[in-house]
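Residue 49 in the working numbering sits at position 12 of the sequence shown, and the numbers go up by one each step. By construction, the Cβ of each residue, glycine as well, lies at the ideal position given by its N, Cα and C atoms. Predicted model, so just to flag it, every value in this text is computed and none were measured. Single-structure report; data block below.
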Amino acid sequence: MLLSVIIPNYNEERTIENIVEKVIVQKKNIELEIIVVDDFSSDKSKEILNKLKSKGKIDHLILHEKNYGKGYAIQTGLKMCSGEITVIQDADLEYDPVDFQRMLYIMKQKKLSCLYGSRVLGKNRYNQKNFTSFFRIFANHILTIFTNIIYGQKLTDAHTCYKMVETNLIKSLNLKEKKFAFCPELTAKVSKRGVTIEECAISYKGRTYKEGKKINFFDGLEAIWVLIKYRFYD
């Protein structure tokens, strides 16, 4: 089973090569293709990515001519996916691709359409050193509760990056959100298809805003609006 890994990148020159190499290592156990979408980075990301592509370490490299946002980058990457399953991988080092193998195994064994990698499942949510901000933990918790209430899910971490979805399903969702609101949009539209989203525990090492963290308070407000919007509209 081929796994398509979409890596949206924006100004991650410090980590992009490292994360691509970490994904490549998973080829020892998983058949996968690597799709990187650079969202008009202004640092040295494009130079690094072009070198990786020339060495055959990236299967598909897409370079945006304008900065659109993470959601749009994922939508662009989806057009190149040929695997039966697709997963999103951030270009930083917060998430470890070593979790792909376990997630894919669970997908196969349980015959799932959608599996999220939870950063808090089986852990004390408010007693984790890997989250760099209490506010981020609290905001994520509130958004997850809200998601569960209006979409009938039982998630512990609705806004995790690691969303592993059947490619045919995710391509059929008519995704529209260009920025970080891609995340709640995907959850909303998968839920409206009657799919129960399951979770498994993953590793996580959060970074601070000084280290390049991009999502902020206003993205959280937009997530609430998007969850409400897609509950009633497509």
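Between the CA atoms of residue j and residue i - distance to the nearest angstrom
i: K147; j: L130; result: 28 Å
i: Y161; j: E102; result: Strictly speaking, residue 161 in this sequence is Asn, with Tyr absent from that position. Those two C-alpha atoms are separated by around 43 Å.
i: K226; j: L212; result: 8 Å
i: G114; j: F175; result: 31 Å
i: Y47; j: Y105; result: 10 Å
i: V124; j: Y267; result: 22 Å
i: I234; j: L223; result: 11 Å
i: I186; j: L98; result: 39 Å
i: I71; j: K90; result: 10 Å
Proximal residues to residue i (C-beta, below 7 Å), its chain only, five neighbours per side dropped
i: K83; result: D75, L100
i: F137; result: L40, Q63, I67, V124
Three-way DSSP call (helix, strand, coil) for residue i in this model
i: L89; result: helix
i: V202; result: strand
i: N46; result: strand
i: L223; result: helix
i: S150; result: coil
i: A260; result: helix
i: S155; result: strand
i: L180; result: helix
i: S240; result: coil
i: S41; result: strand
i: E235; result: strand
Anticipated Cβ contact below 8 Å, residue i with residue j, distance rounded
i: E203; j: G108; result: Contact doesn't hold; Cβ gap of about 19 Å is too wide.
i: C237; j: L180; result: Not a contact, Cβ separation roughly 20 Å.
i: V263; j: A218; result: 4 Å
i: V60; j: Q126; result: 6 Å
i: C198; j: Y132; result: 5 Å
Same chain, Cβ closer than 6 Å to residue i, five either side skipped, listed in chain order
i: I207; result: T123
Quick check for students: name the residue ranges of the alpha helix (DSSP H) that lie wholly in the segment 60-143, counting only runs of 4 or more.
Look at the segment 60-143 and you find these whole runs of alpha helix (DSSP H), each 4 residues long or longer: 82-91, 107-115.
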